[in-house]
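Residue numbers (our numbering): 1 to 465.
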Ligand code: ARG
């Protein structure tokens with residue numbers, strides 16, 4: 001049997017154990033199969049810790065030099081796929097530490113001074129997640145840019161706006177797209193806010209109570225780019241609310257993505273025919289030769305389900321845990337990794353797909369005409385002539401009924417027909433019955449008038465840089 005305590009794990013705990021861990025337990029408890037993904041954060045965290053231990057005189061300068069040399073080699077081995085991950089060493093932390101000790105001897109065994117895997121893993125996850133957040137933020141900006149780019153040329157493109165999925169009032173297609181930009185802009189703010197709470201250092205909390213070694217936690221925080229250090233050791237090692245919050249951000253963002261994806265699916269169906277998608281984002285059918293399916297949008301909508309599930313899983317994972325660290329927390333990693341991967345892939349592909357949308361303005365216009373979308377405008381016209389709004393509403397409902405009966409648009413009724421319904425309708429009514437007239441009339445901040453839409457485009461461009 002090896003004398004290296006980590007080479008045979010039951011020995012890693014202490015001489016207290018009289019038999020080796022059962023193989024089943026080993027496999028059940030091991031996380032190295034997935035948490036090896038944290039390796040770089042683990043090495044960075046260890047190097048910062050070692051450098052501080054040396055500065056504080058807890059370990060010697062030679063120990064630090066050995067640890068640095070060993071870690072450099074380990075990083076190289078992992079990058080080149082030569083590192084031998086061992087299940088019996090349970091997790092990424094013990095695997096790296098064991099290899100370090102094999103490479104540099106006693107210095108490797110000194111690394112863990114004043115530290116526990118409990119504060120180590122909490123640090124690793126935060127470091128790793130911070131890096132991922134910094135990758136996701138530009139993707140979220142890219143999503144917004146793609147929508148703004150499509151919105152600008154369509155500031156004046158009329159489409160039916162819907163409530164209850166029934167044609168309601170004409171809106172600008174650009175305005176419709178910018179609604180999603182608002183949602184994603186809030187998601188970007190939320191992500192920046194989550195980052196603040198992720199970027200706090202647990203190291204120094206040790207197993208749960210802090211440590212008696214004279215650690216300089218602020219120094220480690222500075223080295224690793226953390227904004228602050230956790231102020232309660234029990235909290236530092238046990239809570240994963242930073243990951244829950246991130247997961248909530250992801251869930252909200254995916255709900256926004258899913259709504260947009262749903263609209264793209266609808267718009268592309270023959271029944272709407274509002275847009276077309278570039279072929280490279282569509283798939284065919286193995287049986288129906290005419291089919292072009294918006295699989296990417298459907299999958300984006302579908303993938304929101306797993307992200308929402310991970311959020312539910314996370315809060316459930318946390319809710320029954322007594323202080324402080326419990327092994328339950330090992331279950332934070334796979335959902336967190338999957339959430340990050342799903343968001344990264346989805347934001348990237350959705351932004352690309354949005355850039356490839358071909359808008360069909362004529363179809364949008366026809367759909368707006370079909371639904372009597374300017375009825376409210378006629379009612380507003382009557383209000384301006386002195387009718388109470390409720391009476392105007394009633395008169396226009398009659399007009400719509402007549403138009404429906406004849407199968408024509410409101411603007412196609414004659415003045416005589418309109419006046420038979422309500423004598424106060426003037427021939428100036430026809431100005432507001434057009435789709436453009438309706439759009440331009442809503443020239444108020446947040447309204448759908450093309451001038452407002454263009455102003456919003458400019459605001460978003462300035463914000464997005
Ligand atoms: N693999 C563990 C995790 O992910 C590391 C911390 C283990 N700590 C312990 N005391 N068993 O949570």
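Don't be surprised by glycine CBs; every beta carbon is placed ideally from N, CA and C.
The C-alpha of residue 82 is placed about 25 Å away from the C-alpha of residue 338. In the DSSP assignment, residue 74 falls within the alpha helix (DSSP H) that extends over 61 to 79.
Remark: the shortest separation between the CB of residue 332 and any heavy atom of the ligand ARG falls under 8 Å. Rounded to the nearest angstrom, the gap between the Cα atoms of residue 216 and residue 205 is 12 Å. For residue 126, the shortest separation between its Cβ and any heavy atom of the ligand ARG does not lie below 8 Å. Relative to the non-hydrogen atoms of the ligand ARG, the Cβ of residue 166 never comes closer than 8 Å to any of them. According to the DSSP assignment, residue 314 belongs to the alpha helix (DSSP H) that extends over 295 to 319.
If you check the CB distance, residue 336 and residue 139 do not come in under 9 Å. Unbroken alpha helix (DSSP H) runs of no fewer than 4 residues, entirely contained in the segment 189 to 245, are found at 217 to 224, 233 to 238, following chain order. C-alpha of residue 418 to C-alpha of residue 445: approximately 32 Å in a straight line. For residue 162, the enclosing beta strand (DSSP E) starts and ends at 158 to 163. Residue 372 is classed as buried because its beta carbon has at least 16 other beta carbons within 10 Å across all chains shown. Beta-bridge analysis with DSSP links residue 277 to 357.
The alpha-carbon of residue 261 is positioned some 27 Å away from that of residue 451. For residue 104, the closest C-alpha among the options 397, 124, 19, 74 is that of 74. The C-beta of residue 232 has fewer than 16 other C-beta atoms within 10 Å across all chains shown, which makes the residue exposed. Under DSSP, residue 169 shares a beta bridge with 161.
By the beta-carbon neighbour count (other beta carbons within 10 angstroms, threshold 16), residue 196 is exposed.
In this structure, DSSP gives residue 339 a helical state, which the three-state scheme calls helix. Note on geometry: alpha-carbon atoms of residue 423 and residue 173 lie some 35 Å from one another. In this structure, DSSP gives residue 374 a state outside helix and strand, which the three-state scheme calls coil. For residue 283, the pairing in a beta bridge is given by DSSP as 293. Nearest to residue 120 by C-alpha distance, out of 133, 404, 35, 64, is 35. Shown here, residue 403 sits in a helix according to DSSP, grouped into three states. A residue is called buried once 16 or more other Cβ atoms fall within 10 Å of its Cβ, and residue 456 is buried on that count.
The three-state reading of DSSP puts residue 256 in helix, counting H, G and I together. Only residues of its own chain outside the window of five on either side were considered, and among them 340 have a CB closer than 6 Å to the CB of residue 132, listed in chain order. Shown here, residue 388 sits in coil according to DSSP, grouped into three states, outside any helix or strand. From the listed residues 201, 421, 279, 88, the smallest Cα separation to residue 20 is found for 88. Annotation: the continuous alpha helix (DSSP H) that includes residue 145 extends over 117 to 151.
Pairing residue 253 with residue 184 gives a Cβ-Cβ distance under 9 Å. Residue 169 is classed as buried because its beta carbon has at least 16 other beta carbons within 10 Å across all chains shown. For residue 369, the three-state secondary structure derived from DSSP is helix. DSSP places residue 325 outside both helix and strand once states are collapsed to three, so it counts as coil.
Contact holds between the segment 257 to 276 and the segment 350 to 357, because three or more Cβ pairs, one in each stretch, are under 8 Å apart.
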